[in-house]
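Working notes, beginning with the structure itself.
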Amino acid sequence: MSETALEYQKDVLETIIDEAVYMGTASEEEAEQLHDRLDELESMQSVNQLWYDLSQEYDVIEQT
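Laid out in structure tokens, this is it:
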């Protein structure tokens, strides 16, 4: 079975969140909250919003 675009984006976001902790741009507590939010994503629109929030609040996209 092939992975959907939503599943793929969620996997990428999970990696980005983990990288943010490793790089020190997000705390463990923030990462836990983001992972909880990630678990609740059900649409590409919600994925896009999380991408935006990560870029604005944590600057992880520019650094990874």
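Sequential numbering from 1 applies to the sequence shown in the UniProt record's numbering. For glycine and all other residues, C-beta sits at the position ideal for the given N, C-alpha and C.
- In the DSSP annotation of this structure, the continuous segment of the alpha helix (DSSP H) that includes residue 31 starts and ends at 28-39.
- With respect to the C-alpha of residue 29, the residue from 39, 17 and 40 having the closest C-alpha is 17.
- In chain order, 44 place their CB closer than 7 Å to the CB of residue 5, counting only its own chain and leaving out the 5 sequence neighbours on each side.
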